[in-house]
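Trainee:
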Amino acid sequence: MNRLDRFFEKIEQIGVDVALVYNVEYTSKPSTYYLSGFTGSFSILVLNRDKQFIITDSRYFEQAKQQTKFQLIEYRNGDLFENIKTVVEEFKPKTIGLEFQRVSHNVFLKISEKIKANFIPIDSVMESMRSVKEPQEIENIRKAISISEKAFLKTIESIKENVTEKEIAAEFEYNMKKFGADGTAFETIVISGPRTSLPHGRPSHKKILPGEPITFDFGAVVNGYCADITRTIFFGKPDDEFKKIYQTVYEAQTLALNGGSARMKGKSVDALARNHIIQKGYGQYFGHGLGHGIGLEVHESPRVNSTNEELLPESAVVTIEPGIYIEGKYGVRIEEDVLVKRDSLEKLTNLSRELMVI
């Protein structure tokens, strides 16, 4: 059964006659690409098992013909929502599936004023489908990881005293594209010294100085699919406390990598790492979840955190990223991308996890 057939089966099970995927200024690019192959910034998909339409404007007429087998409906001017209504009426639906989390309240009001039907959320359908990766999706993630790692190793060769975080981040993103990335999954994080206690700190004009850690959080995109990797290295000679914190994070991650599987709830995998950090006396310094799904988005289902009661689905790709962050001093995070298997986690990342000192 192909992807669209599985989608139709799932929405039919919840009573949806036709699905409407609203993508304006990339509001639903992941679902649009996942279902149709179209990558543009403006489109509305209207589809069920019998007919599949894509509405887009003149910027994308040619692109849509190249990227998708959906029947093209050319939108040229006038009321977009009237245009959507005309297409939807071909299906005569009583129920319409809509991603409630991807449309604003204003857009929903305009659609529901034009189209008299019962609207059913299909967010969970998309999340559950996308969380289980097909072989080609996994291969794209592997390629994104490989490019990211090559760029990391190339970038750290040029680190020297007084180079700024922003300069290193710019070179890192250049290297990812040079090695074949279509883009970056998010703004590359390069932070140093006391700023490494910021889990999602942004690169600044701070200069790299001897005797400081540097945290890199980075990921390339290949064919729409993301990598997400973190490494914390040390520029100079690390003190004993930093080495102890690094070792604690390393050990916590190892416990999760070796103990996790599709037979475990997200919260149980989180606990493998979290309990170790707590036992070592650093529990208050690990505030975020252990990991999250990656794919067409850098943060997607499933979640590997202390609240996820669901079993991790087999063939999901998730991050395992414990961290310790001590405000005003420094922080450490190590992040791997792993494939969830029935009885184990397969590590997709290949960089060494040992503390790198340069």
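698 is the number of the first residue of the sequence shown in this note's numbering; add one for each residue after it.
Think of the CB as a built atom: it goes at the ideal place given N, C-alpha and C, for glycine as much as any other residue.
These numbers were taken from a predicted model, which means no experiment stands behind them.
Using the Cβ count rule (16 or more neighbours within 10 Å means buried), how would you classify residue 837?
Mentor: Here residue 837 refers to the residue found at position 140 when the sequence shown is read from its first residue. Flag for residue 837 reads buried.
Trainee: Could you have a look at residue 989 and say whether DSSP puts it in helix, strand or coil?
Mentor: Your numbering for residue 989 matches position 292 in the sequence shown. Residue 989 falls in the strand class under three-state DSSP.
Trainee: Could you tell me whether the stretch 1036 to 1053 touches the stretch 838 to 846, using the rule of 3 or more Cβ pairs below 8 Å?
Mentor: A contact exists between the stretch 1036 to 1053 and the stretch 838 to 846.
Trainee: Report yes if the C-beta distance between residue 815 and residue 783 is below 9 Å; otherwise report no.
Mentor: Here residue 815 is taken as the residue at index 118 of the sequence shown, counted from 1. Here residue 783 is taken as the residue at index 86 of the sequence shown, counted from 1. Not a contact, by the Cβ cut-off of 9 Å.
Trainee: Three or more beta-carbon pairs under 8 Å between the stretch 943 to 951 and the stretch 1013 to 1021, yes or no?
Mentor: With a cut-off of 8 Å, the stretch 1013 to 1021 and the stretch 943 to 951 count as touching, because enough Cβ pairs lie within range.
Trainee: Can at least three beta-carbon pairs, one atom from the stretch 890 to 898 and one from the stretch 919 to 926, be found at a separation below 8 Å?
Mentor: Taking 8 Å as the limit for Cβ pairs, the verdict is that the stretch 919 to 926 does not touch the stretch 890 to 898.
Trainee: Residues bridged to residue 815 by DSSP?
Mentor: Here residue 815 refers to the residue found at position 118 of the sequence shown. In the DSSP output, where bridge partners are listed per residue, residue 815 has 792.
Trainee: Are the beta-carbon atoms belonging to residue 959 and residue 1010 less than 9 Å from one another?
Mentor: For the purposes of this step, residue 959 is identified with residue 262 of the sequence shown, where counting begins at 1. For the purposes of this step, residue 1010 is identified with residue 313 of the sequence shown, where counting begins at 1. Their beta carbons are under 9 Å apart, which means residue 959 touches residue 1010 by this criterion.
Trainee: Going by CA-CA distance only, name the one from 1026, 991, 1029 and 966 that's closest to residue 1004.
Mentor: In the sequence shown, the residue the question calls residue 1004 occupies position 307. Measuring from the Cα of residue 1004, the nearest candidate turns out to be 966.
Trainee: Under three-state DSSP, which class holds residue 998?
Mentor: As a working note, residue 998 is residue 301 in the sequence shown. Looking at residue 998 - three-state DSSP - the assignment turns out to be strand.
Trainee: In its own chain, which residues sit with a C-beta less than 6 Å from the C-beta of residue 723, not counting the 5 before and 5 after it?
Mentor: As a working mapping, residue 723 is identified with position 26 in the sequence shown. Within the same chain, residue 723 has close Cβ partners 738.
Trainee: If you count every other CB in all the chains shown that lies within 10 Å of the CB of residue 907, and 16 or more means buried, which is it?
Mentor: Here residue 907 is taken as the residue at index 210 of the sequence shown, counted from 1. It is exposed - the Cβ of residue 907 has fewer than 16 other Cβ atoms within 10 Å.
Trainee: Out of 808, 751 and 752, state which residue places its alpha-carbon closest to the alpha-carbon of residue 778.
Mentor: Against the sequence shown, residue 778 aligns to sequence position 81. That would be 808, whose Cα lies nearest to the Cα of residue 778.
Trainee: Drop a sphere of 10 angstroms on the beta-carbon of residue 712, count the other beta-carbons inside from all chains shown, and report buried for 16 or more, exposed for fewer.
Mentor: Within the sequence shown, numbered from 1, the residue matching residue 712 stands at position 15. Its Cβ having fewer than 16 others within 10 Å, residue 712 is exposed.
Trainee: At what residue ranges does the stretch 907 to 970 contain a whole run of the beta strand (DSSP E), taking only runs of 3 or more?
Mentor: Qualifying beta strand (DSSP E) stretches, in chain order: 909 to 915, 917 to 919 and 926 to 932.
Trainee: Counting along the chain, where does the beta strand (DSSP E) carrying residue 889 start and finish?
Mentor: Working through the sequence shown from its first residue, we reach residue 889 at position 192. Unbroken beta strand (DSSP E) run through residue 889: 886 to 889.
Trainee: Tell me the residue span of the beta strand (DSSP E) that contains residue 750.
Mentor: Counting from 1 along the sequence shown, the entry for residue 750 is found at position 53. Where residue 750 is concerned, the enclosing beta strand (DSSP E) stretches over 749 to 753.
Trainee: Going along the chain, which residues of its own chain have a beta-carbon closer than 6 Å to the beta-carbon of residue 1057, five neighbours each way excluded?
Mentor: Residue 1057 lies beyond the range of the chain shown here (698 to 1055); nothing can be said about it.
Trainee: Drop a sphere of 10 angstroms on the beta-carbon of residue 902, count the other beta-carbons inside from all chains shown, and report buried for 16 or more, exposed for fewer.
Mentor: The count along the sequence shown starts at 1 and reaches residue 902 at position 205. Exposed, because fewer than 16 other Cβ atoms sit within 10 Å of the Cβ of residue 902.
Trainee: Which class does residue 714 belong to by DSSP, given the choice of helix, strand or coil?
Mentor: As a first step, residue 714 must be located in the sequence shown, where it is residue number 17. DSSP places residue 714 in coil when its eight states are reduced to three.
Trainee: In chain order, what residues of the same chain have a beta carbon less than 6 Å from the beta carbon of residue 828, not counting five sequence neighbours either side?
Mentor: One-based indexing of the sequence shown puts residue 828 at position 131. Closer than 6 Å at Cβ, skipping near neighbours: 990, 998, 999, 1010 and 1013.
Trainee: Return helix, strand or coil for residue 780, following the three-state DSSP convention.
Mentor: Sequence index remark: in the sequence shown, residue 780 carries index 83 (1-based). Helix at residue 780.
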